[in-house]
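In this note's numbering, the protein residues as written are 49 to 96.
By construction, the Cβ of each residue, glycine as well, lies at the ideal position given by its N, Cα and C atoms.
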């Protein structure tokens, strides 16, 4: 199965340590735990 998410930035995702005071910053870590493999595909206006 392939799941895609569109992002309008061309900057590649970066894993970072989540701040316990913030709700954001956990996406890449979550994907790493759930997926066998992951990456991005460039689009003319961002990435998927």
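Query raised in the report: Below 9 Å between beta carbons: does that hold for residue 63 and residue 83?
Result: no
Requested in this report: Please decide whether residue 51 counts as near chain B, where near means a Cβ-Cβ distance under 9 Å.
Outcome: In the structure shown, chain B cannot be found, because there is only a single protein chain.
Requested in this report: Could you spell out the range, first to last residue, of the alpha helix (DSSP H) harbouring residue 75?
Outcome: 75-82
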